[in-house]
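Heads up, the thing below is written out as structure tokens.
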Amino acid sequence: MATDNESNICSICNNPPAKLFCTGCKKYFCRKDFKEHEQQLSIRFDDEIRRSHDELRDLIQKLEKSNYLSLPVFDQIEQWKQTTINKVEKAAEKVRHELIQLIENQKITIIEQLEPITKEIRSLQGEEDNIVETDIDRLQKKINDMRQKLEEFTQKDTNKNIIVNDDQIDWNRLIYVRQEEQQSYSGHSSYSTAPTASVSTSTTIPYKSSSKPEPAPKPGMLF
24 MATDNESNIC SICNNPPAKL FCTGCKKYFC RKDFKEHEQQ LSIRFDDEIR RSHDELRDLI
84 QKLEKSNYLS LPVFDQIEQW KQTTINKVEK AAEKVRHELI QLIENQKITI IEQLEPITKE
144 IRSLQGEEDN IVETDIDRLQ KKINDMRQKL EEFTQKDTNK NIIVNDDQID WNRLIYVRQE
204 EQQSYSGHSS YSTAPTASVS TSTTIPYKSS SKPEPAPKPG MLF
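Throughout, the working numbering is defined as the position within the sequence shown, counted from one, plus 23.
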């Protein structure tokens, strides 16, 4: 740390001779002040280096003993989950409402189509002598066609064609952990990078129904 020199003055007391030179701060000291300088460096080492090192080790030990679920990043995941559930529920409710409206419209259409058949049947009931086979076959065909439409519309297998599932969601990328690089001091004059974790999510959940088709949006970032 120190080198001898006869021609310099002490950087503390400003008196010659300052025989000792500190290679760290590049200053000259007399023997008395140099010893005090060494003590100050020792105190500073204890306060700044050892204490910081011990605090860091304590943090690591606490992390090893703690429940990881208490970390703030897990709160982000839970918040995203609740937000996503709300979006899914809203999308499902919208589709449910559209399906009810679709069924109601279909029911009204069938009722309107059935009305002239009902009138014709009632008119023929008072004219039994004028009924022929073709009347029966024609009316029976109309009734069967309408029954088939109604049954097809309400059957479970047909509902698969009514509800359109969007399979373009990549659930593995809808939310994921991303490693980021942060600048950290390395102890010298240069800097090094240290990895940290963050949670990235998509902003929307794609949804579309048969009545209002919509293109599926691409996943984006929230955090």
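We put the beta carbon where it would ideally sit given N, CA and C, even for glycine.
All values derive from a computational prediction rather than experimental measurement.
Environment of residue i [buried if 16+ CB atoms lie within 10 Å]
| i | result |
| --- | --- |
| HIS60 | buried |
| VAL200 | exposed |
| PHE52 | buried |
| CYS33 | buried |
C-beta atoms of residue i and residue j nearer than 9 Å
| i | j | result |
| --- | --- | --- |
| ILE133 | LEU173 | yes |
| ARG54 | LEU64 | no |
| ILE131 | PHE176 | no |
| LEU291 | THR106 | In the structure as shown, the chain begins at 24 and stops at 246. Residue 291 is therefore absent and cannot be evaluated. |
Whole-Å CB distance - residue i paired with residue j, under 8 Å assumed
| i | j | result |
| --- | --- | --- |
| LEU162 | GLU143 | 7 Å |
Among the options, the one whose alpha carbon lies nearest that of residue i
| i | options | result |
| --- | --- | --- |
| ILE35 | THR46, LYS49, GLY47 and PHE57 | PHE57 |
| PRO39 | CYS45, ASN31 and ARG80 | ASN31 |
| ILE192 | ARG145, GLU121, GLU151 and VAL111 | VAL111 |
| ILE166 | GLU135, ASP81, GLU150 and GLU78 | GLU135 |
Problem set entry | Sufficient close CB pairs (3 or more, under 8 Å) joining the region 147–161 to the region 110–118 | no
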